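**Q** Dumping the structure here so I can ask a few things about it.
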Amino acid sequence: MEYQRLGKSGLHLSRLSFGSWVTFSFQVDDNPAAELMAKAYDAGVNFFDNAEVYAAGKSEEIMGRALGSLGWTRDSYCVSSKVYWGGDKPTQRGLSRKHIHDACHAAMKRLRVDYLDLYFCHRPDVETPIEETVRAMHDLIQQGKVLYWGTSEWNAQQITEAYSVARQFGLTPPTMEQPEYNMFNREKVEREFHPLYDLVGLGTTIWSPLASGVLTGKYRDGVPQGSRIDLEEYAWLKERLIDSPEGQANIEKARQLEKIADGAGMSLARMAVAWCMKNPNVSTVILGASKVSQLEENLKAVDDAAKLDDSMMNAIEEVLRNKPELPPRF
Ligand code: NDP
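First residue of the sequence shown: 116, per the working numbering; consecutive thereafter.
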């Protein structure tokens with residue numbers, strides 16, 4: 116495993132980490148979840164990602180029971196949660212001081228830890244002043260309940276504002292952002308955030324490196340049984356990733372990318388994960404897996420990043436830049 120500092124902080128995270136979105140509770144329960152986490156940890160993974168909204172808290176409960184049974188020392192791994200969607204009542208959502216306070220304590224209880232290493236504002240909240248959110252995060256850090264705080268799917272302007280407010284009032288600024296990043300979604304990480312890497316030392320913990328599995332090539336001949344997009348709760352994902360014209364165009368691109376991966380003797384999944392790791396502004400790539408075999412395969416990407424030489428990167432770029440033929444909208 117390789118390790119890299121989370122932005123300009125002193126925290127060394129594994130370049131590959133492991134998250135539980137969709138999988139924990141909907142696809143795997145306690146035993147396979149602990150098995151997946153053990154597989155990741157044994158391969159050197161030291162960061163496990165979660166959120167209050169994943170399976171409405173059940174995902175954190177499963178991870179908490181796994182952490183309890185696996186018996187790892189608390190100083191050998193990092194665990195995160197994210198705050199924003201806690202429930203239906205007005206006080207149970209958003210980034211108010213109250214919800215951040217309540218959500219942090221509830222997450223620690225579900226995860227069975229007495230502090231969160233990383234804590235993310237899962238989305239921006241336009242109804243809460245940024246100063247209130249920054250102060251609430253700063254206070255949790257002062258209380259020792261959170262070590263590093265950050266954002267997820269905020270834009271560069273919102274992150275800059277949070278940073279400026281923190282600097283103005285002597286509060287702790289955000290350390291990291293959690294954006295989507297994969298071969299099909301690059302704009303934010305490669306362009307929009309570019310000034311922030313130097314300016315504020317932003318770290319990134321990127322999500323969906325395989326675009327929910329499309330970048331494994333598995334959807335070329337339909338939807339395999341047991342896939343996440345087969346789940347009733349995630350029908351919207353099927354619409355976006357498979358049924359839409361963009362989805363179909365991406366499946367075709369995946370088919371072409373698979374040929375490049377074949378030529379280099381690796382699977383498309385490994386090539387797609389390695390491609391994310393090649394970007395030095397990506398602190399850690401959060402993997403998702405519903406089966407141990409998937410995780411084993413994707414962890415091999417650690418050795419593949421060095422194999423992605425210029426000619427391979429150019430060949431990938433050519434496929435990605437090829438504008439898909441989309442049907443007219445009207
Ligand atoms: P990926 O894009 O890597 O998708 C993972 C899924 O792809 C797996 O669960 C599995 O789905 C399939 N898959 C993985 N490897 C293989 C393989 N080798 N062969 C075939 N299929 C494979 O990542 P996620 O979308 O899961 O995101 C990773 C993590 O990022 C999440 O767990 C979460 O922690 C975080 N995240 C954060 C978000 C945010 O807003 N901050 C949003 C989304 C994710 P299947 O079961 O269908 O086979």
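All residues carry an ideal CB built from backbone N, CA and C; glycine is no exception. Note that the coordinates shown come from a computational prediction; the quantities given were computed from them, not determined experimentally.
#1: Pull the bridge partners of residue 291 from the DSSP assignment, please.
#2: Helix, strand or coil for residue 127 per DSSP?
#3: Quick one, are the C-beta atoms of residue 319 and residue 296 less than 9 Å apart?
#4: Please report the residue range of the beta strand (DSSP E) in which residue 195 lies.
#5: Which ranges does the alpha helix (DSSP H) cover as unbroken runs of at least 4 residues, wholly within the segment 152–233, from first to last along the chain?
#6: Mind checking whether residue 326 and residue 298 have CB atoms under 9 Å apart?
#7: Can you tell me whether residue 300 is helix, strand or coil according to DSSP?
#8: From residue 277 to residue 211, what does the alpha carbon distance come to, in whole angstroms?
#9: Restricting to Cα atoms, I'd like to know which of 397, 152, 252 and 279 is closest to residue 309.
#10: Are residue 126 and residue 234 touching if we call contact CB-CB under 9 Å?
#11: Please classify residue 244: is it buried, with 16 or more other beta-carbons within 10 angstroms of its beta-carbon, or exposed?
#12: For the segment 162–182 against the segment 421–428, are there 3 or more C-beta pairs whose distance is under 8 Å?
#13: Judging by CA-CA distance, which residue of 147, 194, 218 and 192 is the nearest neighbour of residue 202?
#14: Are there any heavy atoms of ligand 1 lying less than 8 Å away from the beta-carbon of residue 208, as far as the coordinates show?
#15: According to DSSP, simplified to helix, strand and coil, what is residue 134?
#16: If you run the structure through DSSP and keep just helix, strand and coil, what is residue 119?
**A** Taking the geometry as given:
#1: Here the question's residue 291 lines up with position 176 in the sequence shown. According to DSSP, which records beta bridges pairwise, residue 291 is partnered with 265 and 318.
#2: Indexing the sequence shown from 1 puts residue 127 at position 12. Strand, per DSSP.
#3: Against the sequence shown, residue 319 aligns to sequence position 204. Against the sequence shown, residue 296 aligns to sequence position 181. Closer than 9 Å, so yes.
#4: Within the sequence shown, numbered from 1, the residue matching residue 195 stands at position 80. It spans 193–198 - the beta strand (DSSP E) in which residue 195 sits, taken as one unbroken run.
#5: 173–185 and 212–226
#6: For this step, residue 326 is matched to residue 211 along the sequence shown. For this step, residue 298 is matched to residue 183 along the sequence shown. Taking 9 Å as the Cβ cut-off, residue 326 and residue 298 qualify as a contacting pair.
#7: Along the sequence shown, one-based indexing puts residue 300 at 185. Reduced to three states, the DSSP call for residue 300 is strand.
#8: Residue numbering aside, residue 277 sits at position 162 when the sequence shown is read from its first letter. Residue numbering aside, residue 211 sits at position 96 when the sequence shown is read from its first letter. Residue 277 and residue 211: Cα-Cα distance of roughly 14 Å.
#9: Reading the sequence shown from its first residue, position 194 is the one you call residue 309. Closest by alpha carbon: 397.
#10: Here the question's residue 126 lines up with position 11 in the sequence shown. Here the question's residue 234 lines up with position 119 in the sequence shown. Result no, Cβ atoms of residue 126 and residue 234 do not sit closer than 9 Å.
#11: Counted from its first residue, the sequence shown places residue 244 at position 129. By the neighbour-count rule (16 or more Cβ atoms within 10 Å), residue 244 is not buried but exposed.
#12: no
#13: For the purposes of this step, residue 202 is identified with residue 87 of the sequence shown, where counting begins at 1. It is 218 whose Cα lies nearest to the Cα of residue 202.
#14: Here residue 208 refers to the residue found at position 93 when the sequence shown is read from its first residue. Checking the Cβ of residue 208 against ligand 1 gives no.
#15: What you label residue 134 is simply residue 19 of the sequence shown in a count that begins at 1. Here residue 134 sits in strand by DSSP.
#16: Position 4 of the sequence shown, counting from 1, holds the residue named residue 119. Residue 119 falls in the strand class under three-state DSSP.
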